Amino acid sequence: MTPLDTIDPPYRHPAARVRDIVLDRAALDADIAVLRKAHPHDNTAFRKAATERFKQALEEERARIRADFEAYPRGLLCAARLATLEDDLIRAIHDYVVRYIYPNQNPSSGERLSIVAVGGYGRGTLAPGSDIDLLFLLPYKQTPWCESVVETILYVLWDLRQKVGHATRSVSECIRQAKGDMTVRTAMLEARFIDGDRVLFDDLREAFDRDVVRGSAREFVAAKLAERESRVNRAGASRYLVEPNVKEGKGGLRDLNTLFWIAKYVYRVRDVSELVAAGLFTPQELRLFKRCDEFLWCVRCLLHFITGRAEERLTFDRQRQVANELGYASRTGLSAVERFMKHYFLIAKDVGDLTAIVCSAMEEREAKPRAMLDRFMGRLRRRKHVEGMTAFAIETNRITVARPDVFDTDPVNLIRLFWAADQTGLAIHPDATRLVTLSLKNINARIREDHEANRLFLDILTSRHTPEIVLRRMNEAGVLGRFIPDFGRVVAMMQFNMYHHYTVDEHLIRTVGVLAAIGAGRFKEELPVSAEIMPNIPNRRVLYVAAFLHDIAKGRKEDHSLAGAEVARKLCPRFGMSTAETETVAWLVEYHLVMSTTAQSRDLSDPRTIETFAHIVQSLERLRLLLLLTVCDIRAVGPGVWNGWKGQLLRTLYWETEIVLTGGYSAVDRKGRVAYAQDQLRKSLPGWSDYEFDQYAQRHYPAYWLKVDLPRKIQHANLLRLAAVEMKSLVTEVATDEFRSVTELTVIAPDHPRLLSVIFGACAAAGANIVDAQIFTTNDGLALDTIFISRGFERDDDERRRADRIATHIEKALRGEIQLGSVVAAKGGVPKGRAKTFPLAPEVMIDNGLSNRYTLLEVSGLDRPGLLYDLTNVMWRLNLNIGSAHVATFGEKAVDVFYVTDLTGAKVTNATRQAAIKRHLLEVFAVDEDGKKKGDEANAAASRASRRSHSRREGEHGASK
Numbered sequence: 000m001t002p003l004d005t006i007d008p009p010y011r012h013p014a015a016r017v018r019d020i021v022l023d024r025a026a027l028d029a030d031i032a033v034l035r036k037a038h039p040h041d042n043t044a045f046r047k048a049a050t051e052r053f054k055q056a057l058e059e060e061r062a063r064i065r066a067d068f069e070a071y072p073r074g075l076l077c078a079a080r081l082a083t084l085e086d087d088l089i090r091a092i093h094d095y096v097v098r099y100i101y102p103n104q105n106p107s108s109g110e111r112l113s114i115v116a117v118g119g120y121g122r123g124t125l126a127p128g129s130d131i132d133l134l135f136l137l138p139y140k141q142t143p144w145c146e147s148v149v150e151t152i153l154y155v156l157w158d159l160r161q162k163v164g165h166a167t168r169s170v171s172e173c174i175r176q177a178k179g180d181m182t183v184r185t186a187m188l189e190a191r192f193i194d195g196d197r198v199l200f201d202d203l204r205e206a207f208d209r210d211v212v213r214g215s216a217r218e219f220v221a222a223k224l225a226e227r228e229s230r231v232n233r234a235g236a237s238r239y240l241v242e243p244n245v246k247e248g249k250g251g252l253r254d255l256n257t258l259f260w261i262a263k264y265v266y267r268v269r270d271v272s273e274l275v276a277a278g279l280f281t282p283q284e285l286r287l288f289k290r291c292d293e294f295l296w297c298v299r300c301l302l303h304f305i306t307g308r309a310e311e312r313l314t315f316d317r318q319r320q321v322a323n324e325l326g327y328a329s330r331t332g333l334s335a336v337e338r339f340m341k342h343y344f345l346i347a348k349d350v351g352d353l354t355a356i357v358c359s360a361m362e363e364r365e366a367k368p369r370a371m372l373d374r375f376m377g378r379l380r381r382r383k384h385v386e387g388m389t390a391f392a393i394e395t396n397r398i399t400v401a402r403p404d405v406f407d408t409d410p411v412n413l414i415r416l417f418w419a420a421d422q423t424g425l426a427i428h429p430d431a432t433r434l435v436t437l438s439l440k441n442i443n444a445r446i447r448e449d450h451e452a453n454r455l456f457l458d459i460l461t462s463r464h465t466p467e468i469v470l471r472r473m474n475e476a477g478v479l480g481r482f483i484p485d486f487g488r489v490v491a492m493m494q495f496n497m498y499h500h501y502t503v504d505e506h507l508i509r510t511v512g513v514l515a516a517i518g519a520g521r522f523k524e525e526l527p528v529s530a531e532i533m534p535n536i537p538n539r540r541v542l543y544v545a546a547f548l549h550d551i552a553k554g555r556k557e558d559h560s561l562a563g564a565e566v567a568r569k570l571c572p573r574f575g576m577s578t579a580e581t582e583t584v585a586w587l588v589e590y591h592l593v594m595s596t597t598a599q600s601r602d603l604s605d606p607r608t609i610e611t612f613a614h615i616v617q618s619l620e621r622l623r624l625l626l627l628l629t630v631c632d633i634r635a636v637g638p639g640v641w642n643g644w645k646g647q648l649l650r651t652l653y654w655e656t657e658i659v660l661t662g663g664y665s666a667v668d669r670k671g672r673v674a675y676a677q678d679q680l681r682k683s684l685p686g687w688s689d690y691e692f693d694q695y696a697q698r699h700y701p702a703y704w705l706k707v708d709l710p711r712k713i714q715h716a717n718l719l720r721l722a723a724v725e726m727k728s729l730v731t732e733v734a735t736d737e738f739r740s741v742t743e744l745t746v747i748a749p750d751h752p753r754l755l756s757v758i759f760g761a762c763a764a765a766g767a768n769i770v771d772a773q774i775f776t777t778n779d780g781l782a783l784d785t786i787f788i789s790r791g792f793e794r795d796d797d798e799r800r801r802a803d804r805i806a807t808h809i810e811k812a813l814r815g816e817i818q819l820g821s822v823v824a825a826k827g828g829v830p831k832g833r834a835k836t837f838p839l840a841p842e843v844m845i846d847n848g849l850s851n852r853y854t855l856l857e858v859s860g861l862d863r864p865g866l867l868y869d870l871t872n873v874m875w876r877l878n879l880n881i882g883s884a885h886v887a888t889f890g891e892k893a894v895d896v897f898y899v900t901d902l903t904g905a906k907v908t909n910a911t912r913q914a915a916i917k918r919h920l921l922e923v924f925a926v927d928e929d930g931k932k933k934g935d936e937a938n939a940a941a942s943r944a945s946r947r948s949h950s951r952r953e954g955e956h957g958a959s960k
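Below, the structure written as structure tokens:
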């Protein structure tokens, strides 16, 4: 297949030769006549044979069309040929019915029938899996002959497995329904004659123009724009969603359809080429429209061919297939699929530009008394100049240009226009937006270095108004990428993973938007620490610039954090920032992932964790800036990525680091904090005697007192007391936490090395998604484990019932009533297609320097149900004690960190043993082509290794505990 991105749209190929005739009607009609002679008196046999011949013709021609498309991927040609094939097939079927099945030599005036294509099929384009929308048009009411003909045609089409949407109406019924239903009206707008009585179709068109369209343009435009907004919100409000809907999503084919419907309705044009004469498009914009239409049709047709159905969503697994089929290749920093998706999003952006300009202009025209005046007559309307700026004016409550040459005489006005929009809070007039896109060539190296242009941009970026909206307008107009070429490199760039919901440029703009929202005080309850810190940041612009630049080096060979820091060192002086400000921005960009990684995958109760992080941060000011940047970054990734649990982890890391940086953390202070924590709990248990409390306090190690918050300490104390009174060795309790979006499962049970693995396995078997775990052991041999799982329901009562079922599952597993291995294996495995879509190589890191007491095992790889169970099961077989576990998932990637010791409580330092651990953990990720685990080889091998190492340790250290 010819690589799509190497062909000048609309994808011409000099060697492309396709047949002009789609279906050979003469041959088909002749064959039907022969079949009639073969079955002169047996209509049943004749119908069956005729249907088989129609089926053969349809399949052969569709195969030829697909073969031509795969050789030369031209979407509109493919869609037009499929529509033509259906036209010819329906004509052949209609002729067969009225000639052989229900002949009528002398039809009455009521026995007339017109077959009309409506909707998308009416436009003369048809995707491989789309419905065929037909209108059987009658002059008056239904007659027995017409009813029989329509019914037979439909039965043949259904026998051919065609998806047919149909209606049988008279002309008057069509007009009545079109007046009352905008969907019917839109379908009628696309009506196209196929076969039958042509005069009847012409009567319908004339009546539709006269009785429906005339005088209703304003109503239609308003309805279509409202419908578009509702549709886009359903499909995903951003055109930069990384799994876009090619048909219904923002920037998709339906946006182009809406644009043409409006133009067709208002100006009664029949072809898209007439939009230039109508004054809606320039010739350049018409070429852009056709290029976008061609590309989207190409992708849509290929999606339908690949899936064998009307699949409109460009999912991750399909993206790779489509990119390969269209011949995209990997280039420096970007894989083939990422290059294809960047092309897709650039096209979606172009669609957005066209629809925004035309729909906004039409909306204005149809909402005003002078609605039908050409947009260039706008200069005759009353205008008000923007105060202090002669280059701009306010027209119809939108900011626009005062003269056509404002961007040529002073190119800085290309930045100043958006600055004025921010200052006034006004939208930008479509005419001004169009003039901006035509003047982008004026943004050159001289303008990029212009002091005033950079000052205006920094004002926009750090605005206390709505910087996100203005930056997005600048981006969609093409100004942002031209003014900052490094930003232009990430425009429409997607990251091929399930974690990021938006393209890189959209993510950066949303990050700034979240930061502005915090600054405006809109997250005081949800982000209490950030809301408290933000007003006291002495240099806001450092933070805003870092938010805007933190991912700007994505898609390069080198690490994007390091490369981004270099970009910041280049850009910040251009923005007019000092050397100190520049270095702070560069530091924030370089380390923007460190706080999130530390909070989600390290033991925050381990002093070494805090000391290591504090050494990186070094100052309170940097700590505050990094917290704010981290929060904004996570929240801007996409819906549902941020939750209260992550917020709590970040707050804990912030508070613990703040103590270190202010010099208030020491070994002595640690003892004092333990004593303080015990005193706080004592005051919260007034019903306990001093003796009873002292005995209880001695059951916990210092780490427990430092890590667990007071409400949970109270819960644990009462739960352990109840277990002792009732003489229970196994107790579970559940609690919901709506703020942090988690549910807590507390388990008290006799400690043993496999306990955590069993708990994780039971959760996996019950369908629970684990987000973290707190693991403690009392000095009298009881395990006190709290497992945090993602909420499954919004209502607490529903969530508690679900949690109770999971807790019951855990109890049964710990009693041995469930065979976890088989249950988890049945539910486990990588979701179908995931392993091929995301060929993520697993990694295991073993580090003895990140904790004073434990060896840290960091395991990352493709996530799947039951992964935690399999990992901890291997660790149990390797005789590793797990001190704490920290679970993080980034889309399809799982990053699980375990703090472990050997059975003697010592770190794992032997190189041979470390290599064995790494090998067995990596084997957990081995799956076959269907994503199923490759048996229990890892567990069996781990057991053998465990027995060998255990024997060696007994010889070296004596019997282990």
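Heads up: the sequence shown begins at 0 in numbering that gives the first Met the number 0, then just goes up one per residue.
For glycine and all other residues, C-beta sits at the position ideal for the given N, C-alpha and C.
Keep in mind the model is a prediction, meaning the values are calculated, not measured.
Check, Outcome
"Segments of 4+ residues assigned as alpha helix (DSSP H) that fall wholly inside the stretch 222-310", "252-266 and 282-306"
"Spatial distance of residue 203 from residue 57 (CA atoms)", "30 Å"
"Nearest candidate by alpha-carbon position, reference residue 349, set 184, 482, 211 and 491", "491"
"Secondary structure of residue 104, DSSP reduced to three states", "coil"
"Per DSSP, cross-strand counterpart(s) of residue 860", "893"
"As assigned by DSSP and simplified to three states, the class of residue 643", "helix"
"Contacting residues, own chain, Cβ-Cβ under 8 Å from residue 442 (five flanking each side not counted)", "410, 413, 478, 481 and 482"
"Rounded C-alpha distance that separates residue 86 from residue 193", "6 Å"
"Candidates 511, 503 and 440, of which the one nearest residue 469 by Cα", "511"
"Burial state of residue 710, where buried means 16 or more other Cβ atoms lie within 10 Å", "exposed"
"Nearest to residue 883 (by Cα), restricted to the options 789, 563, 433 and 784", "784"
"At least 3 beta-carbon pairs within less than 8 Å: the stretch 892-902 vs the stretch 595-604", "yes"
"Residues sharing a beta bridge with residue 134, DSSP", "115 and 166"
"Residue 141 - DSSP class collapsed to helix/strand/coil", "coil"
"Nearest-angstrom Cα separation, counted from residue 610 out to residue 656", "8 Å"
"Residue closest to residue 165, alpha-carbon to alpha-carbon, out of 115, 641 and 39", "115"
"C-alpha distance - residue 755 paired with residue 691, whole-angstrom precision", "29 Å"
"Helix, strand or coil at residue 350 [DSSP, three-state]", "helix"
"Residues bridged to residue 391 (per DSSP)", "400"
"Nearest neighbour of residue 717, chosen from 745, 705 and 735 [CA to CA]", "745"
"4 or more residues per run - each alpha helix (DSSP H) lying fully within the stretch 509-592", "527-532, 539-548, 559-573 and 578-589"
"Residues of its chain near residue 672, where Cβ-Cβ distance is below 7 Å and the 5 sequence neighbours each way are ignored", "705"
"Continuous beta strand (DSSP E) stretch holding residue 198: start and end", "Run containing residue 198: none in the beta strand (DSSP E); it sits in the alpha helix (DSSP H), 197-207."
"CB contact flag (residue 580, residue 515, <9 Å)", "no"
"Per-residue DSSP class, three states only, for residue 879", "strand"
"Selection from 647, 96 and 810 that minimises the alpha carbon distance to residue 151", "96"
"Boundaries (first-last residue) of the alpha helix (DSSP H) holding residue 627", "619-634"
"Spatially closest choice to residue 792 from 742, 139, 757 and 255, by CA coordinates", "742"
"Backbone CA spacing between residue 26 and residue 139 [nearest angstrom]", "35 Å"
"Residue 936 versus residue 866 - alpha carbon distance", "Reliability of the predicted coordinates at residue 936 is poor, the pLDDT of 48 falling under 50, and the value obtained from them is presented with this limitation in mind. Those two C-alpha atoms are separated by around 15 Å."
"Nearest candidate by alpha-carbon position, reference residue 318, set 308, 248 and 301", "301"
"Residue 403 versus 438, 333, 127 and 328, residue with shortest Cα-Cα distance", "438"
"Touching by the beta-carbon criterion (3+ pairs, under 8 Å), the stretch 802-812 and the stretch 721-728", "no"
"Cβ shell of residue 338 (< 8 Å), same chain only, five flanking positions each side left out", "4, 322, 327, 328, 329 and 330"
"Entirely enclosed alpha helix (DSSP H) segments - the stretch 42-98, minimum 4 residues", "42-70 and 74-95"
"Residue from 916, 635, 144 and 877 with nearest C-alpha to residue 502", "635"
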